[in-house]
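Engineer:
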Amino acid sequence: MEKRTIINPGAYSIFIRQMVRDDGLSIAEINRGIGWNDYYANTLLKDNKMPTFNNCLKAEAYFKEYFMRSNKFKRHLRKTIQVYEPIDVIDWLESECDDQDLWLAGMSQDKGNFLKSDMASLETGEILFKKLMLFTINIDRYEDSPIGDYIGLSMDEYERGEVG
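Taking the working numbering, the leading residue of the sequence shown gets 4, the next gets one more, and so forth.
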């Protein structure tokens, strides 16, 4: 499986603030340019949240075009992160993962809840980027571990920065 390289959504609030401060854009203009709902950028700024994968794809196109036009923003194009696309996570789970229960347990995930909410959001691309990143890390850990030695990373550990 190949990972997709994407401008780091964790830095969107920095980009948006700089665009407002340095270029005088309004939050509404940024939302319209990206194709987000009118409140979306405010939510990211206020709550320090990460968007869904689909909203990252919208932002990716907008930020790349915007940053290429200005030398002061071009450096932001290097702030990237790699993740598996949602469809690739589904394919891996269905065809390559030989022990879904172990993989989910390593992330402290309940299988029923995963199948009900996370699988549905993977199918639509509406998975939170942070969760997609967690799945990517855990797929890599699972694939790189000898049989029986997989130690997953939970969302709590991920949020505390215990990625190591």
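Even glycine gets a Cβ: it sits at the ideal position worked out from N, Cα and C.
To test your reading of the DSSP string, which unbroken beta strand (DSSP E) runs of 3 or more residues are found completely within the segment 95–156?
Structural biologist: Runs found: none.
Engineer: Can you find at least 3 beta carbon pairs, one from the segment 133–145 and one from the segment 156–165, that sit closer than 8 Å?
Structural biologist: Touching, yes, given that three or more Cβ pairs across the two stretches are closer than 8 Å.
Engineer: Among the candidates I154, P89, L60, whose CA atom is the shortest distance from the CA of M122?
Structural biologist: As a working note, residue 122 is residue 119 in the sequence shown. It is P89 whose Cα lies nearest to the Cα of M122.
Engineer: Locate the alpha helix (DSSP H) running through T46, then write down its first and last residues.
Structural biologist: Translated into positions along the sequence shown, residue 46 becomes position 43. Where T46 is concerned, the enclosing alpha helix (DSSP H) stretches over 43–50.
Engineer: Between which residues of its own chain and T55 is the CB-CB distance below 8 Å, once the five residues before and five after are set aside?
Structural biologist: Taking the first residue of the sequence shown as position 1, residue 55 is located at position 52. Same-chain partners within the cutoff: S124, G128, E129, I130, L131, F132.
Engineer: Pick helix, strand or coil for R24, following the three-state DSSP scheme.
Structural biologist: Residue numbering aside, residue 24 sits at position 21 when the sequence shown is read from its first letter. Looking at R24 - three-state DSSP - the assignment turns out to be helix.
Engineer: Going by C-alpha to C-alpha distance, which of I142, Q103, N40, F18 sits closest to H194?
Structural biologist: Residue 194 lies beyond the stretch modelled for the chain, which goes from 4 to 167, so this question has no answer here.
Engineer: List the endpoints of the continuous beta strand (DSSP E) containing R7.
Structural biologist: By one-based count along the sequence shown, residue 7 stands at place 4. Its beta strand (DSSP E) spans residues 7–10.
Engineer: Let me know if D91 comes out buried or exposed under the rule of 16 or more other beta-carbons within 10 Å of its beta-carbon.
Structural biologist: Counting from 1 along the sequence shown, the entry for residue 91 is found at position 88. Its Cβ being crowded by 16 or more others within 10 Å, D91 is buried.
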